[in-house]
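Student: Residue 97 in the working numbering sits at position 88 of the sequence shown, and the numbers go up by one each step. Cβ coordinates follow ideal geometry from the N, Cα and C atoms, glycine included.
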Amino acid sequence: MDYDEMRRRFTETINVVIETKRDDNKSFLNANEYGNRIAEVKEAKILLSTPGIGRSPYEAMFGCRVKIGLASACVPHDEINRLVTEEDVEHLLKEMEGESNDLEKPNLHIEIEESRVELEVDNVTVDAGQLTEYRCENRIVCGQCSTVLLFGENVNNDGKCLKCERQENIVNERKRSRESLDKQAAKMLKLSNQKFDRKTLLMSVKDRENL
10 MDYDEMRRRF
20 TETINVVIET
30 KRDDNKSFLN
40 ANEYGNRIAE
50 VKEAKILLST
60 PGIGRSPYEA
70 MFGCRVKIGL
80 ASACVPHDEI
90 NRLVTEEDVE
100 HLLKEMEGES
110 NDLEKPNLHI
120 EIEESRVELE
130 VDNVTVDAGQ
140 LTEYRCENRI
150 VCGQCSTVLL
160 FGENVNNDGK
170 CLKCERQENI
180 VNERKRSRES
190 LDKQAAKMLK
200 LSNQKFDRKT
210 LLMSVKDREN
220 L
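#1: Can you tell me the Cα-Cα spacing of L171 and S155, whole angstroms?
#2: Would you please state the rounded distance, in angstroms, between the beta carbons of L92 and L101? I believe it to be under 8 angstroms.
#3: Within the continuous alpha helix (DSSP H) that includes L200, where are the two ends?
#4: What does a CB cutoff of less than 6 angstroms around E174 pick up in its chain, not counting 5 residues either side in sequence?
#5: Report the residue from E49, V25 and K192 whose alpha carbon sits nearest the alpha carbon of E14.
#6: Would you kindly work out how many angstroms separate the C-alpha atoms of E68 and V25, rounded to a whole number?
#7: Could you round the C-beta distance between N181 and C73 to whole angstroms and report it? I think they count as a contact, below 8 angstroms.
#8: Does the distance from the CB of S221 to the CB of R64 come in under 8 angstroms?
#9: When you compare only the Cα positions, how much space is there between V98 and E104?
#10: So, with DSSP's three-state summary, where would you put V50?
#11: May I have the straight-line CA-CA distance separating R183 from I23, to the nearest angstrom?
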């Protein structure tokens, strides 16, 4: 759902609440309907961008748009469209949990000598203890944090893992948010200087009340 649609739903919900408000200050809605309306308003407040920072508070904090529902559970988008019942969701989560457990188990197809293991990596022979610094066979190393990624994971075009990429996005979003706030503060200061002269600005509140 885009921002315009969410803004429209937010406005409609507020208008309905205002128009149907009772004199005794009791809600016209039952508990379920009231909870759903409140949830929609909270969702809209999270998604709508703030003029001061030029983005929603969630984007400024975490560097990405808020994920709602199944999207927040790290479920692939192509799998979400196939889910119909609760049983489908439960079955998918069990499959994902099984794959995660398989990744944590040692690779049984490779026998490693306990004394010393030498592998050829990019035409360089290294000790097993130094493998974290190189791209080993069937394994990928992040170019920024030097973390050896799990099987199936990959790096972006800059050679960074998903964690480093997210961290970079967060830093960039917070930087842009601060720049937007600086521009807003400069605009407010300029407007204040145009509206009030320096003598008025230096006056105390008590002096202004006596004018």
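Tutor: Looking at the atomic coordinates:
#1: Sequence index remark: in the sequence shown, residue 171 carries index 162 (1-based). Sequence index remark: in the sequence shown, residue 155 carries index 146 (1-based). In a straight line, the C-alpha of L171 is about 12 angstroms away from that of S155.
#2: Here the question's residue 92 lines up with position 83 in the sequence shown. Here the question's residue 101 lines up with position 92 in the sequence shown. With a Cβ gap of about 7 angstroms, L92 and L101 count as contacting.
#3: Here residue 200 is taken as the residue at index 191 of the sequence shown, counted from 1. Taken as a continuous stretch (DSSP letters only), the alpha helix (DSSP H) holding L200 covers L171 to K204.
#4: Residue numbering aside, residue 174 sits at position 165 when the sequence shown is read from its first letter. If we look at E174 and ignore the five residues flanking it on each side, its Cβ neighbours are N165.
#5: Taking the first residue of the sequence shown as 1, we reach residue 14 at position 5. Among E49, V25 and K192, the Cα nearest to that of E14 is on E49.
#6: As a position in the sequence shown, residue 68 is number 59, starting the count at 1. As a position in the sequence shown, residue 25 is number 16, starting the count at 1. Going by C-alpha positions, E68 is about 29 angstroms away from V25.
#7: Here the question's residue 181 lines up with position 172 in the sequence shown. Here the question's residue 73 lines up with position 64 in the sequence shown. Not really, about 11 angstroms apart at Cβ, beyond 8 angstroms.
#8: For residue 221 there is no data in the structure shown, the boundaries of the chain being 10 and 220.
#9: Taking the first residue of the sequence shown as position 1, residue 98 is located at position 89. Taking the first residue of the sequence shown as position 1, residue 104 is located at position 95. Rounded to the nearest angstrom, the two C-alpha atoms are 10 angstroms apart.
#10: Residue numbering aside, residue 50 sits at position 41 when the sequence shown is read from its first letter. Of the three classes helix, strand and coil, the one that applies to V50 here is helix, per DSSP.
#11: Stepping through the sequence shown from its first residue, residue 183 is reached at position 174. Stepping through the sequence shown from its first residue, residue 23 is reached at position 14. About 30 angstroms.
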